[in-house]
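What follows is a set of notes on a single structure, which appears directly below.
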Amino acid sequence: MATEKYEITHKKILESGKRLFLKYGYERTNLRALCKAAGVTTGAFYRHFEDKSAIFSELVDDAANGLLARFDIAEGECFDYIDAGNTDEVWKISIETITEFIHYIYLHFDAFKLILCSSDGTKYSDYIDWLVEKELSSTYRMFDVLNTKGIAYHHATHNELHMILHAYYACLFEPILHDFSEEAALASAQSLAEFFSAGWRKLLKI
Numbered sequence: 019m020a021t022e023k024y025e026i027t028h029k030k031i032l033e034s035g036k037r038l039f040l041k042y043g044y045e046r047t048n049l050r051a052l053c054k055a056a057g058v059t060t061g062a063f064y065r066h067f068e069d070k071s072a073i074f075s076e077l078v079d080d081a082a083n084g085l086l087a088r089f090d091i092a093e094g095e096c097f098d099y100i101d102a103g104n105t106d107e108v109w110k111i112s113i114e115t116i117t118e119f120i121h122y123i124y125l126h127f128d129a130f131k132l133i134l135c136s137s138d139g140t141k142y143s144d145y146i147d148w149l150v151e152k153e154l155s156s157t158y159r160m161f162d163v164l165n166t167k168g169i170a171y172h173h174a175t176h177n178e179l180h181m182i183l184h185a186y187y188a189c190l191f192e193p194i195l196h197d198f199s200e201e202a203a204l205a206s207a208q209s210l211a212e213f214f215s216a217g218w219r220k221l222l223k224i
């Protein structure tokens, strides 16, 4: 019974935190108001969470880390094709990757809404930059493999790569920012994939 009560209270605090973070943002959400909305005392709160940031982390950690893991899987598939010298296939899997990302993001819609719109003051305020940096690292690794295999390409500058990658992830998350339905987001996925794949092929000359 005590365990059940603990879980109910824990859930109430999380739901209260999510609701207030989405409405006011992390920084402007007051811990006392959060506790009042959850119907718990401050003392009870500290039996569940160390601080306000711990609530935010529990609300978003799994979703954020899951998307990073899916990025790693997609990266591995791309390098399998590059290692085999089949660069054409790299561009063909782009639509599949974007579609999978969108499905995953919408499965965790509230978590990504929190990250994108309410994370100022938390480590997740730079989440898109994390993705961009991972993608940059992957791109430079690709350049190394292409060099090793003697495959010609245009070595775009760091600034060019950073701007394009940031634009890509901004487009990927745009439907979340504007509360598009998953159906609407998926409808644009093919256009998004084709646009960026064509752009990359033109820029890198691969």
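Note that the working numbering has the sequence shown beginning at 19, numbered continuously upward.
Ideal Cβ positions, reconstructed from N, Cα and C, are used throughout, including at glycine.
Close beta carbons around residue i, own chain, < 6 Å, minus the five adjacent residues each side
i: Tyr99; result: Glu107 and Val108
i: Val163; result: Ile100
i: Thr47; result: Leu38 and Phe39
i: Tyr124; result: Glu200
i: Thr117; result: Ala207
i: His184; result: Val150
i: Cys96; result: Val108
Euclidean distance between Cα positions of residue i and residue j
i: Cys53; j: Thr157; result: 45 Å
i: Asp101; j: Thr166; result: 10 Å
i: Glu68; j: Ser75; result: 11 Å
i: Cys135; j: Ala129; result: 10 Å
i: Phe213; j: Ile113; result: 10 Å
i: Glu45; j: Asp138; result: 6 Å
i: Ser42; j: Tyr171; result: A small fix is needed here, since residue 42 is Tyr in this sequence, not Ser. Their Cα atoms are separated by approximately 47 Å.
i: Leu86; j: Gly168; result: 30 Å
i: Met160; j: Ile224; result: 12 Å
i: Trp148; j: Ala216; result: 24 Å
i: Arg88; j: Lys220; result: 26 Å
i: Leu179; j: Tyr64; result: 45 Å
i: Gly94; j: Leu49; result: 42 Å
i: Leu151; j: Asp90; result: According to the sequence displayed, residue 151 carries Glu and not Leu. Each residue's alpha carbon lies about 13 Å from the other.
i: Tyr186; j: Leu195; result: 14 Å
i: His18; j: Asp80; result: The question about residue 18 has no answer here: the residues shown for the chain are numbered 19 through 224.
i: Trp218; j: Lys23; result: 54 Å
i: Asn104; j: Leu210; result: 22 Å
i: Ala51; j: Asp197; result: 26 Å
Where the alpha helix (DSSP H) through residue i begins and ends
i: Ala81; result: Lys70 to Asp101
i: Phe213; result: Ala207 to Leu222
i: Asp128; result: Phe127 to Cys135
i: Lys29; result: Ala20 to Tyr42
i: Glu45; result: No alpha helix (DSSP H) contains Glu45, which DSSP labels as neither H nor E.
i: Phe63; result: Thr60 to Phe63
i: Thr175; result: It is not in any alpha helix (DSSP H) - Thr175 carries neither H nor E in the DSSP assignment.
i: Tyr145; result: Tyr145 to Lys167
Cutoff 7 Å; reference residue i; Cβ partners in own chain excluding five residues on either side
i: Ile133; result: Val78, Ala82, Tyr142 and Tyr145
i: Ile73; result: Ile31, Leu32, Gly35 and Phe67
i: Thr228; result: A query on residue 228 cannot be resolved here, the shown segment of the chain reaching from 19 to 224 and no further.
i: Thr115; result: Ala92
i: Leu222; result: Tyr171, His172 and Ala174
i: Thr140; result: Tyr44, Ser71 and Phe74
Spatial neighbours of residue i in its chain, beta-carbon cut-off 8 Å, leaving aside the 5 residues before and after
i: Ile120; result: Leu190, Pro193, Glu200, Ala203, Leu204 and Ala207
i: Ala188; result: Ile146
is_contact[residue i, chain D] using C-beta, thresh 9 Å
i: Ser155; result: Chain labels in this structure do not include chain D; a single protein chain is all it has.
Practice task
Determine, using beta-carbon pairs with one atom in the stretch 189-207 and one in the stretch 166-178, whether at least three such pairs fall under 8 Å.
Solution key: no
Practice task
Would you be able to state if there are at least three C-beta pairs under 8 Å between the stretch 47-66 and the stretch 27-38?
Solution key: yes
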